Each structure stands twice: as structure tokens, then as C-alpha cells.
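J.:
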Amino acid sequence: MAQHMTGRYALYWEAMSGAMAVELLLEEIGTDYERIAIDMAAGEHKSESFLSRNPTGQIPALRLPEGATIGESAAIILTLGERHPGAMVPAPDDVDRPAFLRWLIYMAASPYMTFVQFNHPYRFLDDPQAHDALIANARSRLLKQFSAIEGAISGAPFFLPRGANALDLYLYMLVEFYDDHAGLFEGRPKLEALHGAVAARDSVGRIRPGHGQ
Ligand SMILES: N[C@@H](CCC(=O)N[C@@H](CS)C(=O)NCC(=O)O)C(=O)O
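Numbering (the working numbering), first residue to last: 90 to 302.
1) Quick one: measure Cβ to Cβ for residue 108 and residue 149, integer angstroms, because I've assumed they're closer than 8 Å.
2) Using a Cβ-based criterion (distance less than 7 Å to any ligand heavy atom), does residue 315 qualify as near ligand 1?
3) Measuring alpha carbon to alpha carbon, tell me which residue in 200, 211 and 209 is nearest residue 236.
4) Assuming residue 206 and residue 193 make a contact with CB atoms under 8 Å, what is their CB distance in whole Å?
5) Is residue 106 near ligand 1, judged by its Cβ being under 7 Å from some heavy atom?
6) Does at least one heavy atom of ligand 1 sit under 7 Å from the Cβ of residue 177?
7) Quick one: what's got a C-beta closer than 7 Å to residue 93's C-beta in the same chain, skipping five residues either side?
8) Start and end of the alpha helix (DSSP H) containing residue 158?
9) Sorry if obvious, but does the Cβ on residue 129 come closer than 7 Å to a heavy atom of ligand 1?
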């Protein structure tokens with residue numbers, strides 16, 4: 090992990106990780122940032138130098154231009170919204186702010202965390218024979234969580250009638266994490282339309298190569 094000290098944002102990042110939603114928001118805002126690749130398979134997220142920046146040893150983490158680093162995807166998104174007012178994050182006095190907060194926190198706290206169980210069952214249970222059951226349980230909970238989100242989508246094709254915002258970027262990322270899009274979109278037409286609309290955005294086109302897509 091290279092150390093950089095510049096006056097722009099630096100996103101601690103790995104392909105197909107939770108950093109994708111933040112990366113997309115930075116692209117949509119159009120602000121200057123660099124990506125610092127963290128090789129989690131090599132344990133770089135648990136290195137002393139990374140832990141000194143983010144004590145939870147997780148990505149995404151965002152180094153702010155003034156030097157401090159913050160973690161937690163939802164906190165990073167809200168911080169960027171405060172610093173770059175615009176359509177992507179409804180302002181505190183915006184009528185859409187409560188729904189935005191409610192679903193942003195839900196996505197970060199529920200499906201994102203269920204994906205950890207889905208993709209990394211060994212973190213939860215030592216017995217490899219139990220992993221398939223844990224993955225099946227995670228899949229069933231993910232589908233319920235995506236159904237709750239489907240029921241909450243009030244715009245078309247985006248989450249809120251106001252148009253594209255950071256909720257859409259976050260939800261796009263969650264759908265990208267899922268391994269069976271055909272199965273996921275069955276009975277969830279709003280989710281499918283939202284995913285397609287976000288996929289067509291220039292921001293997604295710019296980041297896809299970095300994710301091997
Ligand atoms: N609550 C955190 C979760 C972040 C998270 O779980 N990130 C994963 C990568 S997608 C990670 O760093 N895992 C390593 C670990 O938890 O030790 C957030 O929303 O940012």
C-alpha cells in the first residue's frame with residue numbers, strides 16, 4: 090500500500106468491494122480523488138499503516154483533503170453530501186432527507202452486512218461443513234431485504250421521484266454483489282429498472298474497467 094499525501098480525496102478501495110458506492114459518488118460529484126488499492130487477500134487492511142488510518146481495518150475509507158480519514162460507507166456518503174451540495178445527497182432541510190437517511194442506513198446495515206455472511210461464511214463459523222447452510226440462509230435473507238427495498242422504491246427508474254441520487258448508486262452496488270441477477274429481478278421490476286438506469290450512467294462506465302467488467 091503506497092502512502093500519498095496530497096490535498097485531494099483518497100479512497101481506500103478494492104475491486105468489487107463496498108468502496109464502489111463511494112467511488113461512484115465521487116465520480117458523480119466530479120471532484121478530484123485518487124484510489125489507493127488495498128489488497129485484502131494479502132491482509133493490507135490489517136496492516137499497521139492502514140489501521141492507523143482506519144482502526145476498524147475495513148474499506149471503504151476516505152482520506153479527506155485536510156488529512157483525516159473516515160470509514161463507514163454511509164458516513165462517507167453523508168460527509169461528501171455535506172461538502173458537495175447537489176442532487177446526489179438531499180440536504181438536511183430537504184423533504185426527501187428522512188427517506189434518504191432511512192434507506193441509506195438500511196442498505197449499509199442490512200443487505201451489505203448480509204453479503205459479508207454470503208461471501209465470507211468462514212468469518213462466522215469455523216466448521217466448513219456448515220458454510221453452505223450459512224450461505225443459503227444469507228441468500229434467503231438477501232432476497233427478503235431486496236424485496237423490502239423493491240417495495241420502498243417510489244421513483245421510476247430511480248429510488249426517489251426526485252431522480253438519481255446516492256441511494257441509487259448504493260443499490261446498484263448491492264445488486265452487483267449478487268450472483269444471480271435473473272433470479273433477483275424476478276418479481277422485482279423496479280430494482281431491475283433502477284439497476285439498468287444506473288448501469289447506463291457515465292460514472293458507471295468510467296469505473297467498470299477497474300472492477301474487471
Ligand atoms: N459497515 C462498514 C462495512 C465495511 C466492510 O465490511 N467492508 C469490507 C469490504 S467490502 C471489509 O473491509 N472487510 C474486512 C473486514 O471487515 O475485516 C461500511 O458500511 O463501510
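By construction, the Cβ of each residue, glycine as well, lies at the ideal position given by its N, Cα and C atoms.
Since this is a predicted model, take the numbers as computed values, not measurements.
T.: So, to answer that:
1) 4 Å
2) This structure does not reach residue 315, given that the chain is present from 90 up to 302, and the question cannot be answered.
3) Looking only at 200, 211 and 209, the smallest Cα-Cα distance to residue 236 is reached by 200.
4) About 21 Å separates the two Cβ atoms, so there is no contact after all.
5) Because some heavy atom of ligand 1 lies under 7 Å away, the Cβ of residue 106 counts as near it: yes.
6) no
7) Unreliable placement is indicated for residue 93, whose pLDDT of 49 sits below 50; the coordinate value is still reported in the next sentence. Cβ neighbours of residue 93 within its own chain (closer than 7 Å, five residues either side excluded): 99, 123 and 125.
8) Looking at the DSSP string, residue 158 is not in any alpha helix (DSSP H); the run it does join, the beta strand (DSSP E), is 158 to 160.
9) yes
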